[in-house]
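Trainee: Residues in the sequence shown are numbered from 1 upward in steps of one, following full-length UniProt numbering.
Glycine residues also receive a C-beta, built at the ideal position from the N, C-alpha and C atoms.
Note that the structure is a prediction, hence the values are computed from the model and not measured.
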Amino acid sequence: MQDGGAADGPVPRRSARVILLDPAGRVLLLRFRLTRGGRPFEFWATPGGGVEPGEGDQDAALRELDEELGLAVPLTGPVHYFESTFEVDGRHWFGQDVFFSASCASDAPRFIGGTEPEERAALQEMRWWTVPALEKTADSVYPPDLARVVRRLTS
1 MQDGGAADGP VPRRSARVIL LDPAGRVLLL RFRLTRGGRP FEFWATPGGG VEPGEGDQDA
61 ALRELDEELG LAVPLTGPVH YFESTFEVDG RHWFGQDVFF SASCASDAPR FIGGTEPEER
121 AALQEMRWWT VPALEKTADS VYPPDLARVV RRLTS
């Protein structure tokens, strides 16, 4: 990961993520715990992560599924894009997320938590979510329009 927070503004960070659906139409999310504004910040997000130099988006998404969940499944897409600016551990980023979709049995993913110590410390758990649960939760979920995207993908 690049150092962020330069005086020039946020550092670009491209991520490849997967909207992973089970046969019941639930989406798998990972709970992250990071530091934002000097305080712990928890949120739920789809599996995925940073695209490495020279790596394509789909290859990055496949690699991240393997590293985080021990999973190898075919991907469809991209099916969604989301951009945001954010701060983590005092670093400022401009996130460009590209999303693919995939399906698997609900018992197929194994919570591995990544390969790097920083990633293992941040990843707390995984959980399957229904669209109504996403729409009602007070928890932070990224992307914030995920319920709408899952509805579109499952209808």
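Could you tell me whether the region 75-90 touches the region 49-66, where touching means 3 or more Cβ pairs closer than 8 Å?
Mentor: They touch, by the three-pair rule.
Trainee: For threonine 76, which of helix, strand or coil comes out of DSSP?
Mentor: In the structure shown, threonine 76 adopts extended strand secondary structure according to DSSP, grouped into three states.
Trainee: Let me confirm a value: arginine 151 is counted as buried when at least 16 other C-beta atoms fall within 10 Å, else exposed. Which label applies?
Mentor: exposed
Trainee: Is it right to say glutamate 68 is buried, meaning 16 or more other beta carbons lie within 10 angstroms of its own, or is it exposed?
Mentor: buried
Trainee: Mapping DSSP to helix, strand and coil, what is valine 18?
Mentor: strand
Trainee: Rounded to whole angstroms, how far is the Cβ of arginine 36 from the Cβ of glutamate 87, which I believe are closer than 8 Å?
Mentor: Going by Cβ atoms, the distance from arginine 36 to glutamate 87 rounds to 6 Å, so yes, they are a contact pair.
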